[in-house]
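So the mapping is simple: my numbering equals the position in the sequence shown, first residue as 1, plus 29. Every residue, glycine too, gets a C-beta built ideally from N, C-alpha and C. First the structure, in the form of structure tokens, and then the observations on it.
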Amino acid sequence: MAAPDAPRDDADSPLIPADAPAEVKADAAAAGGSDEHFHSARLGDDVDDHPRKDVPDPKDAAEPDDVIHQPDDIAPDSSEELPGKTQRVDVDGEDAPMDAEEAQKKRAALVYNPTKVDPDTLRARVAELAAEAGWAEPLFYETTVDDLGDDATRAALDEKVDAVLVAGGDGTVRAVAEALTSTGVPLTIVPSGTGNLLARNLNLPLDDGDAMIRATFDGFVQKTDSGIARIRRANGDVEEHGFVVMAGMGLDAAMIQNTRPELKKQVGWVAYVDGAARSLVGAKPFRVMYQLNGHRLHSAKVHSVLFANCGALQGGVALIPDASIVDGRLDVAVLQPTGVWGWLGVWRKIVWDNSVLRKFRAGRRVLERRKDTSVRYLRGTGIELATAPAQPIELDGDEFGEATRIYTRIVPGGLAIALPKGHDVSAL
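Pasting the structure below:
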């Protein structure tokens with residue numbers, strides 16, 4: 030059996046549309062021999078460990094279809110009085126100046142989505158536990174439609190805070206983690222919202238907010254990997270964003286796009302089932318060129334490609350059972366079902382094989398004998414993928430528009446996370 034980071038050649042000749050960008054046509058030619066052009070245009074060249082800060086705001090990042098679903102969960106709060114930019118409040122929820130007074134003690138910042146939590150109770154509890162620990166009164170930042178949390182976190186870092194707490198959905202956690210990548214400032218996740226996928230992958234207590242808040246002040250810090258995705262739009266624009274759980278191109282992003290916001294508010298992550306059902310109706314495979322760092326160029330027809338820092342989805346489903354958030358490696362799942370039976374193979378692989386059979390010795394023996402190409406797994410430090418026409422992109426459950434090219438990589442130990450005393454990290 031081939032190693033995860035040594036993918037086999039399973040692709041026939043690339044079928045590139047006549048109107049495809051010149052660079053994608055050149056990539057198709059490269060698959061048959063020389064890969065010179067693919068490397069000359071790589072998004073992965075000259076990367077560093079810091080996400081770019083000169084990127085568009087979230088609404089611009091959702092082009093060309095102008096849809097990004099995480100902000101749709103929040104009622105617009107932009108007005109002449111409240112322009113919707115980074116917003117700091119005091120412990121009572123009253124507007125506070127962005128420039129905070131200098132603190133003589135350690136100080137934390139709380140970045141929270143006011144639609145996902147009880148703001149008054151949360152602020153009061155964080156302030157109370159900070160005082161008990163001998164820290165200064167925390168700084169409080171509310172997310173808005175124009176700031177999912179990354180700008181607020183950078184504002185907190187400008188104030189030289191010693192720790193950052195985040196409370197909100199997966200999109201809020203992603204934005205805050207992006208701003209904290211490679212800074213060394215610890216992040217505390219106060220579980221809230223509908224997904225909390227990072228908290229679930231870290232096996233954090235989802236129903237004990239106090240335990241997580243206290244971890245900021247008296248817990249321990251675990252270095253974890255973080256992900257970075259550099260994407261190219263159809264018009265040639267290049268952006269870079271962080272992710273902590275997984276990114277994806279293709280059907281998974283279309284599923285998120287087709288998930289109705291009002292249903293998500295009512296039933297949480299289960300609403301994605303509705304989005305999946307509506308996306309599968311018109312799902313068609315598309316041609317991709319891809320290359321793991323240090324490996325040769327490949328071509329394949331796929332329905333979706335997932336780039337994972339963590340392996341578990343909601344409901345305990347193990348999408349990539351061997352993925353680890355502390356191994357410094359990027360895990361990739363390539364979905365290549367053929368017809369209805371192929372989709373049944375995808376379901377069996379993810380829901381039954383990975384999440385059930387792998388837990389038992391007899392089940393693992395069955396899996397060793399089974400040959401199934403509906404889902405293929407790759408592993409490496411980074412991977413670049415190109416396609417035409419543009420395909421939808423998602424990062425940690427947020428839709429990020431469409432792209433013709435994506436380069437994803439892992440920053441080993443890039444994110445410091447505060448965990449409660451005695452928390453078991455052996456399974457990470």
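- Residue state for ASP180 is assigned as helix, using DSSP reduced to three classes.
- Nearest neighbour of THR172 by Cα position, chosen from VAL118, VAL250, ILE422, ARG154, turns out to be VAL118.
- The beta-carbon distance between HIS332 and LEU407, rounded to whole angstroms, is 16 Å. This is too long to meet the 8 Å contact definition.
- Counting C-beta atoms within 10 angstroms of its own C-beta, PRO167 has 16 or more neighbours from the protein chains shown and is therefore classed as buried.
- Each residue's CA atom was taken as its position, placing LYS313 and PRO234 some 39 Å apart.
- Per the coordinates, the alpha-carbon of LEU227 lies some 15 Å from the alpha-carbon of LEU209.
- Sequence-distant Cβ neighbours of PHE246 in its own chain, meaning closer than 7 Å and more than five residues away, are LEU158, ALA159, ALA162, TRP164.
- From the listed residues ALA352, GLU130, LYS114, VAL214, the smallest Cα separation to GLN251 is found for VAL214.
- The three-state secondary structure of ARG405, taken from DSSP, is strand.
- For ARG358, the number of other beta carbons within 10 angstroms of its own is at least 16, and it is reported as buried.
- In this structure, LEU335 lies near GLY277, with their beta-carbon atoms less than 8 Å apart.
- Per DSSP, the continuous beta strand (DSSP E) segment holding ILE218 begins and ends at 216-218.
- In the three-state scheme derived from DSSP, where H, G and I count as helix and E and B as strand, PRO449 is classed as coil.
- For LEU233, the secondary structure class from DSSP, reduced to helix, strand or coil, is coil.
- Note on ARG325: under 16 other CB atoms within 10 angstroms of its CB, so exposed under the neighbour-count rule.
- Minimum Cα-Cα distance from GLN365 among the listed residues ARG438, ARG316, ALA352 corresponds to ARG316.
- Judged by DSSP secondary structure, MET318 falls within the beta strand (DSSP E) whose first and last residues are 315-321.
- Runs of the alpha helix (DSSP H) lying entirely within the stretch 114-170 and spanning at least 4 residues, in chain order: 148-161.
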